[in-house]
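Residue numbers (the numbering used here): 45 to 151.
Here's what the structure looks like:
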C-alpha cells in the first residue's frame, strides 16, 4: 500500500505540552482513480473550518503541502468543514485535553 508520503494525522507535536492543550489536527486526502495513489493525494489547496457545537464559525486554516492542518481548541464537540476545489466535507469530532484528536479526511 502506498501513500502520498506525508505523516498520517497532523504535523509534528514536538514542543507542544499536550497536558495543557486540546489539539485537533489531521490530514486531508483526495480520493480518486486518476491520481495513481491508492490512499489519496494530499490536498494542498484546501481550507479547514472549525465550527463549535452550535455550528458557529470559530476558526479556519489552510492545509499545508502535506494536506495537514491543526487547531488549538477547547475540549468538547466540534465540526470540521473541509473546502477544496470541487469538494466540501463535514466531519463531527469530540476533542479532549491531553491527547491530540487526529483525523484523516477523504474528499
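The beta carbon of each residue, even a glycine, is placed where N, CA and C say it ideally should be.
Values in this document were obtained by computation on a predicted structure and should not be read as measured data.
Anticipated Cβ contact below 8 Å, residue i with residue j, distance rounded
{"i": "residue 70", "j": "residue 113", "result": "6 Å"}
{"i": "residue 142", "j": "residue 56", "result": "Going by Cβ atoms, the distance from residue 142 to residue 56 rounds to 18 Å, so no, they are not a contact pair."}
Beta-carbon proximity of residue i to residue j, cut-off 7 Å
{"i": "residue 105", "j": "residue 72", "result": "no"}
{"i": "residue 66", "j": "residue 119", "result": "yes"}
{"i": "residue 98", "j": "residue 150", "result": "no"}
Cβ-heavy atom distance, residue i to the ligand SAH, below 6 Å
{"i": "residue 90", "result": "Ligands in the displayed structure: none, and consequently the ligand SAH is not present."}
DSSP-derived helix/strand/coil call for residue i
{"i": "residue 121", "result": "strand"}
{"i": "residue 62", "result": "helix"}
{"i": "residue 148", "result": "strand"}
{"i": "residue 130", "result": "coil"}
{"i": "residue 102", "result": "strand"}
{"i": "residue 109", "result": "coil"}
{"i": "residue 159", "result": "Since the first residue shown for the chain is 45 and the last is 151, residue 159 is missing from the structure and cannot be characterised."}
{"i": "residue 138", "result": "strand"}
{"i": "residue 97", "result": "coil"}
6 Å Cβ shell around residue i - same chain, five flanking residues per side excluded
{"i": "residue 51", "result": "With a pLDDT of 46 at residue 51, under the threshold of 50, the predicted position of this residue should be treated as unreliable, though the coordinate-derived value follows. Excluding sequence neighbours, residue 51 sits near nothing in its chain."}
{"i": "residue 102", "result": "94, 96"}
{"i": "residue 135", "result": "124, 149"}
{"i": "residue 131", "result": "151"}
{"i": "residue 91", "result": "104, 106, 127"}
{"i": "residue 87", "result": "72, 74, 107, 111, 128"}
Given residue i as reference, the closest of the options once Cα atoms are compared
{"i": "residue 110", "options": "100, 89, 134", "result": "89"}
{"i": "residue 147", "options": "62, 68, 56, 61", "result": "68"}
Spatial neighbours of residue i in its chain, beta-carbon cut-off 8 Å, leaving aside the 5 residues before and after
{"i": "residue 138", "result": "120, 121, 122, 145"}
Contacts around residue i, its chain only, beta-carbon distance under 7 Å, and the 5 residues preceding and following it disregarded
{"i": "residue 133", "result": "126, 149, 151"}
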